[in-house]
Amino acid sequence: MLQRIQTVYMAISAIAMGALPFVFSLWTTTDKKEVFFTSSLLYIVFFVVSALLAVFSIINFKKRQHQFVLNRLNMIFNFILLGFFVYRSLNLSGETNVSEKGIGMFLPAISIVLLVLANKAIKKDEDLVKSVDRLR
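In the UniProt record's numbering, the protein residues as written are 1 to 136.
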């Protein structure tokens, strides 16, 4: 069923990883130039894979266990992307002028929180189905 709360969480996660990187910059360099995710092929791949995994997980709404696994895999991709951003931000701290970190660096963290909430709702649905099966 597409009207479940975990579908909403996964849809917001897909929007956060698929559309919002075009809007919010990852960081601003010392010469006031905004850097978006399109500056690196690695960032593009991770953002696209994360968005596609969220959409594919929404499409598999009849298979709750597959949704759960896909969301976990998506969380792993987001943690890796977040690790790249932390590594990059630690390298930026050695500059003479302080560069600003953008909102785009926090999009993987937002996506992780949404996917955790979706997995909690999937687990709750799965437990409800199992409890009803015991009564039959």
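Glycine included, each C-beta is placed from N, C-alpha and C at the ideal position.
Owing to the predicted nature of the structure, the values given are computational and were not obtained by experimental measurement.
Run of the alpha helix (DSSP H) containing residue i, from where it starts to where it stops
i   : result
I5  : 5-18
S50 : 41-59
Per DSSP, the bridge partner or partners of residue i
i   : result
L28 : Reading the sequence as shown, one finds Thr at residue 28 and not Leu. DSSP lists E34, E100 as partners of T28.
Contact check, residue i vs residue j, beta carbons under 9 Å
i    : j    : result
H66  : N60  : yes
I58  : A14  : yes
G102 : V35  : yes
F56  : P21  : no
K123 : F68  : yes
A121 : I5   : yes
F85  : L128 : no
P108 : S50  : yes
T28  : E100 : yes
Whole-number beta carbon distance between residue j and residue i, since they are thought to touch under 8 Å
i    : j   : result
D125 : R72 : Contact doesn't hold; Cβ gap of about 16 Å is too wide.
F77  : L53 : 7 Å
M17  : S89 : At roughly 19 Å, the Cβ-Cβ gap does not stay under 8 Å, so M17 and S89 are not in contact.
L117 : Y9  : 5 Å
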